[in-house]
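The block underneath contains the structure these notes are about, expressed in structure tokens.
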Amino acid sequence: MITFTLNGRVVETDAPATVRLLDLIRDDFELIGTKEGCGEGECGACSVFVNNLVQNSCLIPIGSIAGANIQTIEGIIETEQFKILDESYSVAGGVQCGYCIPGMIMASAALLSKNPHPSETEIREGISGNLCRCTGYNMIVDAINLAAQKGDGIWQKK
Amino acid sequence: MAEKVTAYRFDRIDETLSQLNREDCAIIAGGTDVMVLHKSRRGVPPKFSKPIVFIDHLSELKQVYQTDKDLHIGACCTYTELLEHPLIPTPIKSAIKTIAAPAIRNRGTVGGNICNASPAGDMLPLLYVYNAKVLLRSVNGDRFVAISDFIQGPRRIQRLHNEIVTEIILPSVLEEGTHVIFEKVGNRNADAIAKVSFAGFMRINKERIEDIRFAFGAVGPTMIRSREIEKKLVGKTLPLADAEIDTIVAEFDKIIRPIDDQRSTAVYRKTVALNLLRYFLSLKQ
Ligand SMILES: Cc1cc2nc3c(=O)[nH]c(=O)nc-3n(C[C@H](O)[C@H](O)[C@H](O)COP(=O)(O)OP(=O)(O)OC[C@H]3O[C@@H](n4cnc5c(N)ncnc54)[C@H](O)[C@@H]3O)c2cc1C
Ligand code: FES
Ligand code: FES
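Chains as they are written, first to last, in the working numbering: chain V, 62 to 219; chain B, 5 to 289.
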């Protein structure tokens, strides 16, 4: 049995330790906001927070997260931070097909909570592990910039 | 339904070592290399032919501390942890910043980078020029191996199946008066695997070179370093004459044999490597 916290709730699973966290949260817990793109750590579609750090759930065998605090996009949807990001992404036109967006939002939230006023270079670095095939990234950079301005003061609190 | 696998995650390092002594296991630290290497079809867990042992939660493997002028780095420190640690030298932090993206740096470990022994491993050129030592621990005790002996080829390391790499030690790294650089040529973003990388180390005393070391990554099966060529520069005065630089570059030209692959060509790699060396030797300290 592996026990961990998922979106604030303590959960258990008897799935084998090699199962990827991505498959567990999508198939067993039916949290399908987290996407699979490449399955190799290169696209960021599967991004989740592990103990508040953004990581690729396609590379995480569940045996290694016993006792950890996992948050998926569904787990942050009620936060003020999410609302500001969501709004900023729509205003800036940062969403097209939407496939990369849950991962982008996780990476954006991770960046802003470490660095509430990032430069453009820092924003690009912050989302460098997230591929988007539609937007060409500029609108996403604008969205994060906007979220930094609008959300002034809210990023530091957890 | 996924196959059953045996997986261990002990609270203590001694229990982990006892298990490794009983059976050969696949060690998983951050898993960023292992999970890609053993990847299966979508939805099917990666396949391992051996039992698995997780180690990246062991606190003994996550420490960074100083003894005299030596720096000890726990094998399971993640890149992010090292970036945030005050004792880690700036050149190492610069190298880490070129590795992948934040999500990988939050998981990948320095021990994993060494044990994966990729010709393009970004920690390796600097560890070679720092004369790093790898500390291996088993139920029989500790042993130290120089990084250049530990890494034997792509994915080949000098580790016995009952051993764990516990620390990487950088001798005298906290001494004053050394000048160290790291340069990497590659793409940016998640696919940042080096086409060529270079680390240079120089200790000078009033213009005179007292110690000089340089290593190249991604231009051969392991890091390329030549102590013979380095020795020829000890005792010389800076700035080096153009003719001296030309001689050294020409000697290196003979020993690097890069290959063509999907990331780059041999000719490009060699040209860049020699330019990086020339740049390092012409630096005005
Ligand atoms: C998208 C992506 C981008 C990447 N970009 C880069 C890059 O730019 N530069 C770069 O250098 N690498 C890169 N990597 C490779 C990888 O992230 C690094 O090599 C990382 O340091 C591996 O560490 P880990 O803890 O995840 O290793 P793991 O996958 O856990 O282990 C790697 C190997 O080392 C062994 N091992 C690990 N720790 C120990 C130990 N303490 N004792 C004994 N054996 C051990 C394991 O058994 C395994 O064989 C990238 C990987 C991905 C997926
Ligand atoms: S699916 Fe995990 S990074 Fe692409
Ligand atoms: S909006 Fe389509 S992949 Fe990013």
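From the three backbone atoms N, C-alpha and C, an ideal C-beta is built for every residue, glycine too. Keep in mind it's a predicted model, so treat the numbers as computed, not measured.
| Item | Value |
| --- | --- |
| Which first and last residues belong to the alpha helix (DSSP H) in which TYR272/B is found? | 270-286 |
| Is it true that the CB of GLU103/V sits closer than 9 Å to the CB of GLY164/V? | no |
| Quick one: Cα of TYR198/V to Cα of ILE162/V, how far? | 11 Å |
| Can you find a CB in chain B that lies within less than 9 Å of the CB of THR140/V? | no |
| Could you check the C-alpha separation between MET5/B and CYS107/V for me, to the nearest Å? | Here the model assigns MET5/B a pLDDT of 49, short of 50, so the residue's position is not dependable and the matter cannot be decided. |
| For ASP60/B, return the contacting residues in chain V, with the cut-off set at a CB-CB distance below 9 Å. | SER125 |
| Could you name the residues of the segment 32-44 of chain B whose beta carbon sits closer than 7 Å to any beta carbon of chain V, in the order they occur along the chain? | ILE32, GLY35, THR36, MET39, VAL40, LYS43 |
| Along the chain, where does the alpha helix (DSSP H) that runs through ARG26/B open and close? | 17-26 |
| What are the partner residues of PHE148/B, as DSSP defines its beta bridges? | LEU139/B |
| Just how far apart, CA to CA, sit LEU130/B and CYS119/V? | 30 Å |
| Hey, is PHE186/B's beta-carbon within less than 9 Å of any beta-carbon in chain V? | no |
| Quick one: list the residues of chain V neighbouring VAL169/B, beta-carbon separation under 9 Å, in chain order. | Within 9 Å Cβ-Cβ: nothing; VAL169/B doesn't reach chain V, min ~17 Å. |
| Distance, Cα to Cα, PRO225/B vs PRO262/B? | 9 Å |
| As an exercise, report each continuous beta strand (DSSP E) stretch of at least 3 residues that is fully enclosed by the segment 204-274 of chain B, in chain order. | 212-221 |
| With distances taken from CA atoms, which of THR95/V, TYR150/V, LYS211/V is nearest GLU135/V? | THR95/V |
| Could you have a look at ASN4/B and say whether DSSP puts it in helix, strand or coil? | This structure does not reach residue 4/B, given that chain B is present from 5 up to 289, and the question cannot be answered. |
| Residues of chain V with CB closer than 8 Å to the CB of LYS73/B, please, in chain order. | Per Cβ cutoff of 8 Å: no residues; LYS73/B is ~32 Å from chain V at best. |
| What are the residues in the segment 100-130 of chain B lying within 7 Å of chain V by C-beta distance? | ALA104, ALA105, PRO106, ALA107, ILE108, ASN110, ARG111 |
| Taking Cβ-Cβ distances shorter than 7 Å, what residues in chain B pair up with ASP84/V? | GLY47 |
| Is it buried or exposed, GLY154/V, if we count other Cβ atoms within 10 angstroms and call 16 or more buried? | exposed |
| Check each candidate in VAL114/B, THR36/B, ALA105/B and name the one with the smallest Cα separation from ILE92/B. | VAL114/B |
| Report back the beta-carbon spacing between GLY187/V and PRO106/B to the nearest angstrom; my notes put them in contact at under 8 Å. | 6 Å |
| Is there a C-beta anywhere in chain B that falls below 9 Å from the one on ALA208/V? | no |
| State the start and end residues of the unbroken alpha helix (DSSP H) segment that holds LEU75/B. | Where LEU75/B is concerned, there is no enclosing alpha helix (DSSP H), although the beta strand (DSSP E) it sits in stretches over 74-78. |
| Would you tell me roughly how many angstroms separate the C-alpha atoms of PRO177/V and PHE143/V, rounded to the nearest one? | 14 Å |
| Using a Cβ-Cβ cut-off of 7 Å (strictly less than) and excluding sequence neighbours within five positions of ASP37/B, which residues of its own chain qualify? | GLY116, ASN120 |
| So is MET62/V buried or exposed if we call it buried at 16+ other beta carbons inside 10 Å? | exposed |
| Rounded to a whole number of angstroms, what is the C-alpha to C-alpha distance between SER13/B and LEU83/V? | This sequence places Arg at residue 13/B; Ser is not what is there. Rounded to the nearest angstrom, the two C-alpha atoms are 20 Å apart. |
| In the segment 186-206 of chain V, which residues sit with their C-beta less than 9 Å from some C-beta in chain B, listed in chain order? | GLU186, GLY187, ILE188, SER189, GLY190, ASN191, LEU192 |
| Comparing C-alpha positions only, which one of LEU244/B, LEU281/B, ILE197/B sits nearest to ARG267/B? | ILE197/B |
| Pairs of beta-carbons, one from the segment 202-211 of chain V and one from the segment 27-42 of chain B, closer than 8 Å: are there three or more? | no |
| Given a cut-off of 9 Å, decide if ARG111/B and ASN117/V are closer than it, judged by their beta-carbon atoms. | yes |
| Between ASP89/V and chain B, is the shortest Cβ-Cβ distance under 9 Å, so that the two count as touching? | no |
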